[in-house]
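Contents: one structure, followed by commentary.
Below, the structure written as structure tokens:
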């Protein structure tokens, strides 16, 4: 038994001596100097080295559209773009207008104005005794002949926003006026109309017509009342026997064609007026 214990002890001593004789493996923490020189060295790349300009070149003055200079785009070409998930619905657009600046279409954004009700007139004969004139005008109009050498007819229709009127006047002058004299008188009359509290007053050029069988001149105008109501008018005048006869027809601007048309109050007066002496 003792021999076995000595034999085991001897075997353990041999194993211990055998392990201590093995060479120790060393793990270096640094590469040898000669190996460090062979490794590639990473150096910081300057932003100036990329394409010759700084990488972050958007300093607020850069225009992206400048990149398109010299590029010719073929609008008809069918580009095969990858599908993009649709987040919000949008109206379809013709590809040739893709990228174009949106333009507000006028008058699609405005409400359609309400059409004005049609007007019709029945005509009767009026006589302005103080001026020795007789003429046809719409029936039922209100007459005011309180002023000498002036006869005023006013439309009482409550469905229009401005009461149309016809003002007939006769003014004596020192001599018969020719065309240039009548033109000057017409322009003075338009100035007086304009000064009667009208805004945005605009007048047409003077044109020729006839009135009472004599040469006459006339002009049109448009204006706004103080409350914004849009009006229009026409003034015509002639000179007979040293007397200037004038018709000033005023009406809502929307009814211009009604009042100055072929069978409107203005033309009905001009073709029917005559002297009674």
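Numbering (my numbering), first residue to last: 47 to 323.
Beta carbons are placed, not taken as given, at the ideal position from N, Cα and C, and that holds for glycine.
| Item | Value |
| --- | --- |
| Straight-line Cα distance separating residue 291 from residue 283 | 5 Å |
| Cα-Cα separation, residue 280 to residue 214 | 12 Å |
| Coil, strand or helix - residue 211 by DSSP | strand |
| Coil, strand or helix - residue 160 by DSSP | coil |
| Residues that DSSP places opposite residue 296 in a beta bridge | 211, 279 |
| Rounded distance between the beta-carbons of residue 173 and residue 315, thought under 8 Å | Contact doesn't hold; Cβ gap of about 13 Å is too wide. |
| Beta strand (DSSP E) runs contained entirely in the segment 205-256, provided each spans 3 or more residues | 211-218, 245-249 |
| Classification of residue 175 by the beta-carbon crowding that lies within 10 angstroms, buried from 16 upward | exposed |
| Beta-carbon contacts of residue 163 that lie in its chain and below 8 Å, excluding the five residues immediately before and after | 205 |
| Separation of residue 285 from residue 178, as counted between CA atoms | 15 Å |
| Strand pairing of residue 54, partner residues [DSSP] | For residue 54, which the question treats as bridged, DSSP gives no partner whatsoever. |
| Straight-line Cα distance separating residue 220 from residue 210 | 32 Å |
| Which listed residue (307, 261, 189) has its alpha carbon closest to that of residue 336 | Absent from the structure is residue 336, since the part of the chain shown begins at 47 and ends at 323. |
| Reduced DSSP secondary structure (H/G/I, E/B, other) of residue 190 | strand |
| Three-state secondary structure (DSSP) of residue 181 | strand |
| CB contact flag (residue 288, residue 270, <8 Å) | no |
| Residue burial classification, residue 54 (beta-carbon count within 10 angstroms, cutoff 16) | exposed |
| Residue range of the unbroken beta strand (DSSP E) whose run includes residue 261 | 260-270 |
| Three-state secondary structure (DSSP) of residue 306 | helix |
| Outcome for residue 304 when other beta-carbon atoms lying within 10 angstroms are tallied against a minimum of 16 | buried |
| Residues near residue 308 in its chain [Cβ-Cβ closer than 7 Å; skip 5 each side] | none |
| Bounding residues of the beta strand (DSSP E) (the contiguous stretch that carries residue 312) | Looking at the DSSP string, residue 312 is not in any beta strand (DSSP E); the run it does join, the alpha helix (DSSP H), is 311-318. |
| Proximity to residue 227 [Cα-Cα], best of 264, 241, 240 | 264 |
| Exposure label - residue 319; buried when at least 16 CB within 10 Å | buried |
| Buried/exposed call for residue 277, threshold 16 Cβ in 10 Å | buried |
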